[in-house]
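Visitor:
There are 2 protein chains.
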Amino acid sequence: MQIFLYDTTLRDGTQREGLSLSVEDKLKITMMLDELGIHYIEGGWPGSNPKDAEYFQRVRETPLRQARVAAFGSTRRAGGQCEDDANIQALVAAQTPVVTLVGKSSVLHVEQVLETTRAENLAMIGESVAYFKALGKEVCYDAEHFFDGYKLDADYALSTLRAATEAGADVLVLCDTNGGSLPHEVAAITRVVRAQIGASATQIGIHTHNDGALAVANAMAAVQEGATQVQGTINGYGERCGNMDLIPTIANLQLKLGYSCVTPEQLARLSELSHYVAAIANLNPDDHAAYVGRSAFAHKGGIHVAAIAKVEHSYQHIDPTLVGNQKRVVVSELSGRGNIRLRAEELGLHLNGNERDVLQQIKERESKGYQFEAAEGSFEMLVRRSAADYVPPFELLDFTVTVEKRGNNEITALATVKVRVGNELMHTAADGEGPVDALDAAIRKALLPHYPQLAEVRLVDFKVRIIDAHLGTAATPRVLIESARGDERWSTTGASPNIIAASYQALWDSLELPLLRELIRK
Amino acid sequence: MQIFLYDTTLRDGTQREGLSLSVEDKLKITMMLDELGIHYIEGGWPGSNPKDAEYFQRVRETPLRQARVAAFGSTRRAGGQCEDDANIQALVAAQTPVVTLVGKSSVLHVEQVLETTRAENLAMIGESVAYFKALGKEVCYDAEHFFDGYKLDADYALSTLRAATEAGADVLVLCDTNGGSLPHEVAAITRVVRAQIGASATQIGIHTHNDGALAVANAMAAVQEGATQVQGTINGYGERCGNMDLIPTIANLQLKLGYSCVTPEQLARLSELSHYVAAIANLNPDDHAAYVGRSAFAHKGGIHVAAIAKVEHSYQHIDPTLVGNQKRVVVSELSGRGNIRLRAEELGLHLNGNERDVLQQIKERESKGYQFEAAEGSFEMLVRRSAADYVPPFELLDFTVTVEKRGNNEITALATVKVRVGNELMHTAADGEGPVDALDAAIRKALLPHYPQLAEVRLVDFKVRIIDAHLGTAATPRVLIESARGDERWSTTGASPNIIAASYQALWDSLELPLLRELIRK
């Protein structure tokens with residue numbers, strides 16, 4: 056059976072604290088969602104956010120394959136008319152094929168928040184839906200607080216749905232607005248709705264939030280009771296604890312329950328979709344996200360690694376390639392030579408009998424505080440440097456970093472470095488926000504004339520962890536750096552009682568790695 | 056009905072990529088879990104990790120209120136004897152009241168991974184359980200891959216449970232090891248197990264993983280079918296996509312389904328528990344975590360804010376104070392003056408009408424990245440410095456820190472500081488293991504002639520967390536220092552894009568605090 060995917064990343068998703076998207080960002084995400092088979096894209100709330108008008112204008116000029124764009128807004132004001140309701144008219148002006156209208160299902164909200172009568176609320180729903188049906192729109196009716204309202208007064212909650220259906224709504228979307236419902240409640244109430252409204256051709260939709268860590272389960276429970284539209288966001292972005300995450304829901308419905316959501320080719324780009332939206336939103340992807348996280352199919356324990364070497368699916372719930380992810384063997388001091396070889400092969404590298412040497416170096420460095428399991432880039436560098444034909448693209452010879460405070464002046468950070476590239480010696484200096492930032496700037500200044508492509512390499516994450524913390528300021532900091540160039544990502548590490556030295560080691564690896572990878576490609 | 060909480064943060068949780076805990080960390084978490092009502096604490100796998108032996112030895116000397124410590128291990132090797140099985144004997148040596156044994160439920164794993172016979176696997180389960188029952192232990196039997204195994208061969212999977220029950224296992228824990236099961240499957244299979252094993256007194260437990268974003272829902276489905284032990288980790292830490300998160304599961308079971316898990320007072324510290332474990336693990340807490348995240352009850356949208364002003368629970372699924380969290384309106388500043396007064400009084404300090412001033416300073420510093428939750432010492436310093444009669448025992452005027460590398464020589468770190476004590480100017484210099492260590496040494500050198508008692512002040516912990524990590528090397532490090540003098544302990548903090556500046560602020564507080572406390576005592 057076909058399930059229709061309704062994405063509200065651009066509207067409800069941006070309610071997440073700290074997340075905001077430009078019109079440009081929204082258009083990029085729209086095109087990606089369309090390409091990957093999302094059926095409905097809710098672009099914004101033109102009545103509440105004037106910026107959204109520009110989006111709706113520009114998206115009309117954007118050719119989409121199949122996705123239908125929806126504008127979101129509430130039913131008309133109490134005591135008013137659709138014709139002169141600013142919010143309703145903003146929805147008209149958006150000129151979308153789909154309009155999603157949110158209305159009240161709960162007597163608490165009708166009487167105490169909206170401060171109107173039950174009858175007027177039914178009229179607001181019916182007239183607003185009818186107004187857009189008369190304009191030829193597809194209308195989704197979002198029944199706000201439906202499950203909570205049903206528990207307060209089931210008859211009234213059902214009567215609001217009837218008002219929408221009788222006015223011609225195409226989809227009745229049951230919303231768990233506060234996100235606190237449980238799967239068995241969602242299932243039972245959806246079953247009642249289907250029985251009551253089932254005679255009509257109206258489809259049922261489900262819109263859930265994650266306040267009980269149950270948003271995906273709640274959406275699936277509704278689908279199993281006959282809902283055919285699922286509303287959510289990419290990566291579960293949204294207010295409070297987030298909206299239902301479409302990513303695992305799509306994978307669960309399609310791979311585990313046999314529903315059709317997208318094509319297998321689109322499903323195989325689910326990881327890409329998740330990472331792409333995170334990148335546009337300027338948020339770090341969740342490494343532990345179901346199906347698409349970097350760690351979702353990572354195996355650390357020696358027993359698990361040994362088992363998957365025998366039977367690939369022994370510790371995996373699905374084949375990760377179905378969702379565009381991959382199995383990953385995590386390298387750590389507990390691993391043996393088999394792990395090292397497997398890991399190197401995954402990176403497309405050959406050890407040519409160097410396993411023992413590389414393992415030896417890993418153990419030595421881990422005893423000094425390095426940790427390679429989260430730093431695949433540094434592991435890759437160890438392997439590459441152990442090759443017989445390795446030629447370093449540059450060498451860091453000397454550096455000095457000075458941090459200074461004089462009275463009430465701003466604290467300054469200055470770095471100087473001496474770098475050899477081929478036969479040339481580069482001597483550079485730079486200021487920075489702090490000592491590591493200054494060091495990074497000085498090294499790049501020395502390398503850029505020779506390797507202009509390093510301008511595209513960005514540091515996207517910087518972590519410090521103190522090991523042996525009980526040694527106080529003499530403890531060993533371990534630095535982890537994540538770098539990116541376009542879609543490519545790598546993480547590198549360094550460890551030393553001197554935090555500047557640890558950062559310097561991680562920085563070195565992070566800048567040398569893309570140069571070596573490029574050489575090989577040529 | 057009572058539900059027993061079984062925490063495996065210290066064992067399965069540490070399988071999370073990038074997470075590692077020292078023995079000291081593990082003991083701290085153990086005490087917190089015990090205080091907050093967790094019934095079972097799985098401390099480690101002594102047979103696979105030699106470091107765990109030290110934990111089990113030290114936890115025996117730690118007085119716990121009610122929690123029972125469990126050691127984890129697998130059933131004996133195929134073809135062997137419990138008496139000479141290294142893994143089994145490591146469990147014996149751990150001397151815990153509870154032993155948790157993991158065994159195979161799935162014919163795939165028995166035949167293709169373990170490469171033994173179905174009959175031998177049953178003998179391994181039965182003999183291993185009986186061995187520990189004969190030693191007087193409480194035995195939890197973890198049925199690995201139970202749901203997957205049941206789907207492959209239900210009769211065999213059930214026979215493994217019977218082998219454990221007949222040997223005297225106290226709890227049969229159904230494990231969704233690969234994390235891919237769905238709630239309706241977990242419910243149906245748990246129902247069968249209850250029907251088949253229900254006659255015995257054996258309890259049913261549930262252990263789930265989050266690979267389908269359904270771990271909490273799966274655990275709840277099992278509880279609704281009669282499971283009475285739930286196994287999970289704090290914050291859902293764990294391999295791949297993580298284990299079931301105990302935090303929302305406890306809240307859901309207790310607040311929504313009426314089960315008893317912990318006391319209401321313990322429940323009201325759920326947010327604290329989540330943040331405490333994140334701090335020890337040196338991971339940023341998830342702001343969007345259900346129930347306990349900083350954003351879990353944050354309201355951004357104007358309509359929602361207006362509604363909650365009228366009816367508090369109109370957009371909240373529970374009262375946030377039940378789990379120690381709070382409602383937060385994102386744009387406006389909510390007054391926390393009452394909080395400040397309460398905290399100061401807990402420290403034996405009086406604010407004398409300075410609440411507003413101290414609150415202002417806290418807000419200003421928190422906006423720069425400070426966090427006072429885990430740094431009571433720095434909060435105390437804010438309060439003390441705001442007093443009308445405050446006289447600083449010393450002032451740090453200038454400092455310079457230089458880190459230098461010349462060719463293959465050791466990297467050096469040197470600090471010079473200028474400090475005023477009374478009318479005297481002290482100008483000192485010192486080397487260190489790193490820049491912060493050098494700075495600490497130079498400051499102490501300047502202060503010791505005036506305050507010889509500082510020789511007794513030790514730095515016992517030093518942590519660095521990067522906030523805004525996506526800014527790369529220009530991100531803001533937050534430093535947390537824990538200091539001690541005899542039995543007295545205090546923690547201080549600093550934050551700045553310059554890590555040396557952040558450390559310097561935390562160091563200053565850490566050295567001034569004991570001097571001020573002493574002055575007051577005199």
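First to last, the protein sequences are chains A and B. Under this note's numbering, the first residue of the first sequence is numbered 56, with each subsequent residue one higher. Under this note's numbering, the first residue of the second sequence is numbered 56, with each subsequent residue one higher. Every residue, glycine too, gets a C-beta built ideally from N, C-alpha and C.
1. Run down chain B in chain order and give the residues with a C-beta less than 7 Å from the C-beta of A/Cys230.
2. Quick one: grab the DSSP three-state call for A/Ala126.
3. On the DSSP bridge assignment, give the partners of B/Tyr445 in chain order.
4. Roughly how many angstroms separate the alpha carbons of B/Ile84 and B/Val332, rounded to a whole number?
5. Quick check: what's the CA-CA separation for A/Gly281 versus A/Val226?
6. With distances taken between CB atoms, is the gap from A/Asp495 to A/Leu514 smaller than 8 Å?
7. For A/Gln286 and chain B, any beta-carbon pair shorter than 8 Å?
8. Taking Cβ positions, are A/Val438 and A/Ala399 nearer each other than 8 Å?
9. So B/Gly44 contacts chain A; which residues on that side make the cut at Cβ distance below 8 Å?
10. DSSP state of A/Ala353, grouped into three classes?
11. Taking only beta-carbon atoms, is B/Glu72 less than 8 Å away from chain A?
12. Closer than 8 Å by C-beta to A/Glu511: which residues in its own chain qualify, once you throw out the five before and the five after it? Chain order, please.
13. Counting only C-beta atoms, is A/Asn265 closer than 8 Å to chain B at any point?
14. Start and end of the beta strand (DSSP E) containing B/Phe187?
15. Is the Cβ of A/Ala497 closer than 8 Å to any Cβ of chain B?
16. Which residues mark the beginning and the end of the beta strand (DSSP E) in which B/Tyr95 is found?
17. Mapping DSSP to helix, strand and coil, what is B/Ile466?
18. How far does the alpha helix (DSSP H) with A/His330 in it extend, from its first residue to its last?
19. Considering only C-alpha positions, which residue in the set A/Thr288, A/Thr304, A/Asn409 and A/Leu269 is nearest to B/Ile302?
20. Mind listing which residues of the stretch 552-563 of chain B have their C-beta closer than 9 Å to chain A's C-betas, in chain order?
21. Can you tell me whether DSSP reads B/Val271 as helix, strand or coil?
22. Report the three-state DSSP secondary structure of B/Lys159 (helix, strand or coil).
23. For B/Tyr284, which beta-bridge partners are listed by DSSP?
24. How long is the line joining the alpha carbons of B/Glu90 and B/Glu435, rounded to whole angstroms?
25. Against chain B, with Cβ distances strictly below 8 Å, would A/Gln371 count as a contact?
26. Just the C-alpha distance for A/Gln57 and A/Thr283, rounded to the nearest angstrom, thanks.
27. Can you name, in chain order, every residue of its own chain whose Cβ lies under 6 Å from the Cβ of B/Leu389, other than the five neighbours on each side?
28. At a Cβ threshold of 8 Å, is A/Leu377 touching chain B?
29. Going along chain B, which residues have a C-beta under 7 Å from A/Gly102?
30. Measuring straight from C-alpha to C-alpha, what distance separates B/Asn290 and B/Tyr95?
31. Does the CB of A/Gln167 have a neighbour CB from chain B at under 8 Å?
32. Quick one, are the C-beta atoms of B/Asn142 and B/Ser129 less than 8 Å apart?
33. What residue range does the beta strand (DSSP E) around A/Val458 cover?
34. Which value, in whole angstroms, describes the spacing of the CA atoms of A/Ala218 and A/Ile180?
35. Count the other CB atoms, across all protein chains shown, that sit within 10 Å of the CB of B/Val446; report buried if there are 16 or more and exposed otherwise.
36. In whole angstroms, what separates the C-alpha of B/Glu182 from that of B/Gly102?
Guide: The relevant details are as follows:
1. None at all; the shortest Cβ gap to chain B is about 12 Å.
2. The answer is strand: DSSP assigns A/Ala126 an E or B state.
3. Note: B/Tyr445 sits in no beta bridge, so no partner.
4. If you draw a straight line from the Cα of B/Ile84 to the Cα of B/Val332, it comes to about 7 Å.
5. Approximately 12 Å, taken between the alpha carbons.
6. Yes. Within cutoff.
7. At a cut-off of 8 Å between C-beta atoms, A/Gln286 does not count as an interface residue with respect to chain B.
8. The criterion of a C-beta distance shorter than 8 Å is satisfied by A/Val438 and A/Ala399.
9. As shown, chain B starts at 56 and ends at 577. That puts residue 44 of chain B outside it, with no answer to give.
10. Of the three classes helix, strand and coil, the one that applies to A/Ala353 here is strand, per DSSP.
11. Yes - at least one Cβ of chain A is within 8 Å of the one on B/Glu72.
12. Once the five neighbours on either side are set aside, the close Cβ partners of A/Glu511 are Arg540 and Gly541.
13. Yes, because at least one Cβ of chain B sits closer than 8 Å to the Cβ of A/Asn265.
14. B/Phe187 -> not in any beta strand (DSSP E); alpha helix (DSSP H) instead, spanning Arg173 to Ala189.
15. A/Ala497 does not count as touching chain B.
16. Tyr95 to Gly99 is the span of the beta strand (DSSP E), which, as asked, contains B/Tyr95.
17. In the structure shown, B/Ile466 sits in coil (DSSP, three-state: anything other than H, G, I, E or B).
18. Per DSSP, A/His330 belongs to the alpha helix (DSSP H) from Leu325 to Ile335.
19. That would be A/Leu269, whose Cα lies nearest to the Cα of B/Ile302.
20. Near chain A, meaning a CB-to-CB distance below 9 Å, the residues of the stretch 552-563 of chain B are Pro552, Asn553, Ile554, Ile555, Ala556, Ala557, Ser558, Tyr559 and Leu562.
21. Of the three classes helix, strand and coil, the one that applies to B/Val271 here is helix, per DSSP.
22. Strand.
23. Contrary to the premise, residue 284 of chain B reads as Gln rather than Tyr in this sequence. Partner(s): B/Phe59 and B/Gly260.
24. B/Glu90 and B/Glu435 have their C-alpha atoms roughly 25 Å apart.
25. A/Gln371 belongs to the set of residues whose beta carbon lies under 8 Å from a beta carbon in chain B.
26. Near 7 Å, if we compare the C-alpha coordinates of A/Thr283 and A/Gln57.
27. Note that B/Leu389 has pLDDT 34, beneath the 50 cutoff, so the model's placement of it is unreliable and the number below is only indicative. Once the five neighbours on either side are set aside, B/Leu389 has no close Cβ partner at all.
28. Closer than 8 Å: no.
29. The contacting residues do not exist; A/Gly102 stays about 11 Å from chain B at best.
30. Going from the Cα of B/Asn290 to the Cα of B/Tyr95 covers about 17 Å.
31. True, the Cβ-Cβ gap to chain B drops below 8 Å.
32. For B/Asn142 and B/Ser129, yes; Cβs fall inside 8 Å.
33. If you look at A/Val458, you'll find it in the beta strand (DSSP E) that goes Glu450 to Lys460.
34. The straight-line gap from Cα to Cα measures roughly 6 Å.
35. Classification for B/Val446: exposed.
36. Near 18 Å, if we compare the C-alpha coordinates of B/Gly102 and B/Glu182.
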